[in-house]
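To start, the structure under review is shown below, and the notes come after it.
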Amino acid sequence: MHRLFFHLILFLNFASLFVQASPSASMVEKAVLLEDKTDEQISLLQSLEPDLELINLLTLWKEGGIFLFETTDHQKIALRLDGAKDADEKQAAFYLNGSFPKDTSGKPLRLLASDLNAAETDSDLRTAMKSILDLAGLSSPDKSARLQAVETLGMEQDPARLPALRSRRQKETDAQILRSISEAIALAELKSSEPETVSNACRTLGDLGSIRSQDVLKAIAKTTGTPARSAQDALRKIEQHLVYVNTWGTLFRGLSLGSVLLVAALGLAVTFGLMGIINMAHGEMIAIGAYTTYVVQCIFGPGLELSPFGFHLSFPSLQATGWFYDSYFLFAIPLSFLTAACAGIALERCVIRFLYRRPLESLLATWGVSLVLQQLFRLTFGANNVQVASPSWLSGHWTLNDVSFGWNRIFVIGFALIIVFCVFQLLSRTPLGLLIRAVMQNRSMAACMGVRTERVNLLTFGLGSGLAGLAGAFLSQIGNVGPSLGQSYIVDAFMTVVVGGVGSLFGTIYSAFGIGMADQSLQQILGNPVLGKILVLAGIILFLQWRPSGLFSTRSRSIDN
Amino acid sequence: MNTKSRTEILAAAALALVLLVFMPALNAWAPENSFFYVSNFTINVWGKYLAYGILAISVDLLWGYTGLLSLGQALFFSLGGYMIGMHLMLMIGKLGQYKSDLPDFLVFLGHWFLPAFWRPFASFAFAALMVFLIPMLLAKVFGYLAFRSRIKGVYFSILTQALTYGASLMFFRNDMLMGGNNGFTDFKFLLGGDVRSAATQRVLYICTGIALLAVYFGCRWLTRTKFGLVQRAIRDSETRVLFSGYSAANYKLFVFVVAAGIAALGGALYVPQVGIINPSEMTPDKSLEAVVWVAVGGRGTLFGPILGAILVNALKSWATQAIPDMWLILLGSLFLVVVLFLPQGIISIPSKVKGLLNRRKKPSDPEGRVLRPNAPLS
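Pasting the structure below:
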């Protein structure tokens with residue numbers, strides 16, 4: 009955020025050519041020109057009232073972006089460079105107050121960064137700068153910057169920071185930051201020499217359930233006296249808070265894993281559950297969706313060059329930025345559905361329609377297809393994972409009472425529910441859904457009644473594959489996108505459908521969330537992801553002993569089903 | 592004995608003669624630069640193929656004869672390999688990187704003494720027993736659970752796939768104390784012989800060949816008994832077998848356990864020849880690869896899988912060298928073509944060609960058909 013403001017300011021400078029000099033600019037310039045006299049520099053900087061300009065200049069200075077330039081009459085001036093580089097790599101020079109110097113011919117001065125000496129900083133100066141910046145951060149208009157500043161000050165545990173923090177507490181309105189300020193104040197008070205203050209601080213930390221103060225409190229708890237006792241109490245409270253945070257965190261992760269499974273398995277619930285086709289290439293349909301998202305993202309961003317099998321394929325670039333770039337995902341969702349659906353329809357036409365009566369062989373044939381597709385991905389997009397950047401509205405997270413909820417995970421949960429709802433509506437409320445159900449229940453009878461079963465098969469398979477493509481678009485937001493993306497979901501997806509009961513969408517929903525919750529809870533309890541997964545697999549095998557046809561079995565009177 | 596099975600026996604005998612007698616003999620005694628010389632490399636590669644052949648028969652016994660498509664055969668295969676691998680690891684002795692009695696990876700993990708379950712593997716006889724016991728026990732437990740609840744068809748495939756997947760996850764872990772990611776490698780001695788020497792490799796090759804022959808004839812006998820008949824009946828209509836009063840679950844369990852033992856034998860012979868075993872050998876993909884060999888060779892026969900294993904792997908050896916990028920595409924397409932157009936595998940090609948020729952002959956000789964009933968009279 010700071011950087012953004014900074015660039016904005018520079019941009020304005022560049023456009024309007026002048027800006028009113030704030031006092032901090034000239035003072036910083038003065039400080040820069042003091043060069044080696046660190047003490048004077050520090051006292052000068054500390055005397056300043058922190059404002060945005062000061063923050064920007066200090067940040068720039070710390071990063072080595074302020075240069076010393078010697079004029080022809082041996083006078084030193086402080087400059088910064090900005091703007092586009094020209095052919096000689098030179099950039100326009102600016103005084104710190106935003107106006108720009110001119111060379112002898114009266115043109116704006118342009119300089120090469122590597123020719124200049126950056127204004128040096130030693131460690132004392134940098135420490136001083138950092139504390140000024142931290143304090144300045146307290147009054148930053150940006151919430152997350154403010155929160156971060158408070159947290160940094162809290163970890164410093166420096167009683168000298170107390171006045172600044174207390175005065176901020178008076179002004180602050182945001183509840184989360186207020187909580188953080190109280191925590192920081194209490195942490196700083198732990199260093200106090202009075203046992204009474206320390207005990208009170210311990211109590212506050214305990215009430216706040218401050219997880220980050222655990223180590224400090226443990227150290228105090230080992231001493232003797234009243235503070236030790238209150239520290240032990242506080243630790244107990246924090247422990248309880250941790251259990252609470254972990255429980256909710258596990259629940260949330262379980263829900264989100266459940267939704268991932270649900271999204272991945274929903275397409276399979278249609279192709280496998282309704283049609284009885286074992287599509288081992290289902291995972292690759294997911295990968296097709298993910299790669300489509302990648303291509304769309306590249307088209308919105310820098311463009312994409314692919315050269316599979318010597319053919320040269322070039323995607324134009326839209327050079328989108330900002331919200332327009334972020335909207336790429338909205339285009340990627342329907343496109344990934346369509347691409348995967350088309351791939352699925354092609355697969356149905358070329359391979360699967362010959363194998364409706366031979367399910368075991370459809371398993372084998374589609375495995376062959378999956379091998380071919382994986383290798384095609386590898387040859388087209390490379391063997392390594394590709395980078396799919398989440399749009400800004402899907403990155404970041406929302407923290408409530410120390411439990412953090414990632415936006416992308418929340419989105420996946422919501423998305424899973426929406427898709428399930430849509431698929432359910434499609435199957436139960438539309439004429440197509442009726443036909444699909446009829447054909448899946450009894451193919452030959454439906455054909456006798458005049459249903460064009462071939463076409464219904466085609467559409468159903470396309471629907472299932474399209475759903476897999478949608479899953480791919482979403483999985484690209486929370487995991488890696490690579491040639492073997494599909495392989496990592498296929499076993500889980502099959503398990504989900506089998507446990508749920510083949511042919512039952514509701515069963516798939518229950519089993520997806522059940523498996524997701526079980527997996528995450530076991531991980532939390534055992535502290536080991538792989539062991540948890542193995543236990544879940546073993547649990548599923550045992551579960552099928554109890555209910556061989558899954559949670560919700562479709563009843564039938566036929567002998568061989 | 593009909594002509595078809597006589598041809599098969601003859602072909603098997605001829606192949607056995609070439610592979611078991613001529614090739615090792617030429618490897619041992621032919622001068623190195625002569626045309627007939629069989630290199631150590633060739634012996635090693637063929638030893639691998641023959642071990643794969645054993646695995647292929649185990650897949651076929653389940654899939655081709657009983658209708659159970661098991662994706663767990665790679666698990667049993669590598670379990671057998673792991674058991675013999677444990678013995679080989681202990682035989683390295685102090686020659687390892689850390690000059691310790693312990694296998695290198697255990698030293699690396701900070702172990703001071705041999706874990707209890709490793710100790711008996713110092714004896715070859717125990718390891719050899721475990722090669723069969725552990726996989727068959729696992730097959731027995733899993734099979735009992737699966738068949739008791741009448742899991743069949745694709746569900747059985749998916750469950751065995753999950754079993755294999757879970758097991759590979761487990762073996763990837765270091766605290767399983769089975770070598771983790773890297774598995775076992777750097778073998779030195781087996782029963783006093785240097786595993787890397789040509790002579791030992793030749794003996795291993797011959798052993799593999801004999802084992803394959805034994806498995807072939809054993810399965811041939813089994814599938815021709817009344818048991819084999821029930822087995823095929825289960826494949827064709829399990830419900831009818833149930834209604835006839837047979838306990839299909841017990842039959843299937845027996846075949847599953849036997850097949851696990853056969854696969855484990857293949858794995859145990861494979862590992863000393865290849866010199867490495869790691870968890871990537873027990874992924875569901877490896878099982879499916881074995882299914883490809885059977886499908887290509889011809890399921891429901893015993894000679895087909897061996898042929899398929901040798902041919903597909905020879906193709907793999909060639910393709911991964913010549914066109915590495917295209918190998919997976921080739922394998923996938925091969926599978927597709929065989930499943931779609933040649934469900935009985937290449938072993939059915941001769942009879943198909945014969946059928947085609949006969950069909951073409953018949954219309955051209957209409958009188959022959961009419962005359963034939965009268966032939967004895969004339």
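Chains as they are written, first to last, in our numbering: chain A, 9 to 569; chain B, 592 to 969. Beta carbons are placed, not taken as given, at the ideal position from N, Cα and C, and that holds for glycine.
Take residue i as the anchor and find which of the options has the nearest alpha-carbon.
| i | options | result |
| --- | --- | --- |
| E71/A | L52/A, D81/A and E128/A | E128/A |
| Q528/A | L478/A, L259/A and C350/A | L259/A |
| V251/A | L265/A, V411/A and S147/A | V411/A |
| G576/A | S207/A, K226/A and T212/A | Since the displayed chain A opens at 9 and closes at 569, residue 576/A lies outside it and no answer follows. |
| G511/A | F432/A, L314/A, A526/A and D150/A | F432/A |
| S335/A | I74/A, P399/A and T300/A | P399/A |
| L119/A | S139/A, A136/A, A340/A and A86/A | A86/A |
| G734/B | V930/B, A910/B, L653/B and G774/B | L653/B |
| E872/B | G774/B, Y842/B, A716/B and A605/B | G774/B |
| F521/A | A273/A, Q553/A and A295/A | A273/A |
| G470/A | A121/A, A192/A, R176/A and M283/A | M283/A |
| F4/A | L384/A, A373/A and G558/A | Outside the modelled stretch of chain A, which goes from 9 to 569, sits residue 4/A, for which no answer is possible. |
| K743/B | F926/B, T830/B, T755/B and S835/B | T830/B |
| S496/A | L760/B, L659/B, V832/B and G899/B | L760/B |
If we define contact as Cβ-Cβ less than 9 Å, is residue i a contact residue for chain B?
| i | result |
| --- | --- |
| P342/A | no |
| G376/A | yes |
| F389/A | no |
| R220/A | no |
| E356/A | no |
| N553/A | According to the sequence provided, residue 553/A is Gln. The question's Asn does not apply to it. Yes - at least one Cβ of chain B is within 9 Å of the one on Q553/A. |
| R177/A | no |
| L274/A | no |
| F469/A | no |
Going by DSSP in three states, residue i sits in which element: helix, strand or coil?
| i | result |
| --- | --- |
| R365/A | coil |
| A859/B | helix |
| Q165/A | coil |
| G663/B | coil |
| T388/A | helix |
| A29/A | Reliability fails at A29/A, whose pLDDT of 49 lies under 50, so the model's placement of it is uncertain and the value that follows must be treated cautiously. Correct three-state label for A29/A: coil. |
| Y689/B | coil |
| E97/A | coil |
| V702/B | Checking the sequence shown, residue 702/B turns out to be His, not Val. Correct three-state label for H702/B: coil. |
Taking all protein chains shown into account, do 16 or more other C-beta atoms lie within 10 angstroms of the C-beta of residue i, making it buried, or fewer, making it exposed?
| i | result |
| --- | --- |
| H678/B | buried |
| E202/A | exposed |
| I426/A | exposed |
| N64/A | buried |
| A790/B | exposed |
| D6/A | The shown model of chain A, from 9 to 569, leaves out residue 6/A, and the question about it has no answer. |
| T79/A | exposed |
| S596/B | exposed |
| A604/B | exposed |
| A277/A | buried |
| R710/B | exposed |
| H8/A | Because chain A here runs from 9 to 569, residue 8/A falls outside it and cannot be looked at. |
Check the Cβ-Cβ distances between residue i and every residue of chain A, and say whether any is below 9 Å.
| i | result |
| --- | --- |
| A886/B | yes |
| W909/B | no |
| Q752/B | yes |
| I920/B | yes |
| P875/B | yes |
| D916/B | yes |
| V930/B | yes |
| I937/B | no |
Handout entry: Segment contact, 8 Å Cβ cut-off, at least three pairs: the segment 850-866 of chain B with the segment 667-685 of chain B
Key = Judged by Cβ distances under 8 Å, the segment 850-866 of chain B makes contact with the segment 667-685 of chain B, as three or more pairs qualify.
Exercise for the section: Please determine if the segment 676-693 of chain B and the segment 880-894 of chain B are in contact, where contact requires at least 3 C-beta pairs separated by less than 8 Å. Expected result: No: the two stretches stay apart, fewer than three of their Cβ pairs being nearer than 8 Å.
Problem - At least 3 beta-carbon pairs within less than 8 Å: the segment 505-524 of chain A vs the segment 382-396 of chain A - result: In short, these stretches do not touch, since the Cβ pair count stays below three.
Handout entry: Sufficient close CB pairs (3 or more, under 8 Å) joining the segment 470-481 of chain A to the segment 333-349 of chain A
Key = Touching, yes.
Exercise for the section: Count the CB pairs spanning the segment 870-889 of chain B and the segment 697-711 of chain B that are closer than 8 Å, and state whether there are at least three. Expected result: Verdict: no, contact absent.
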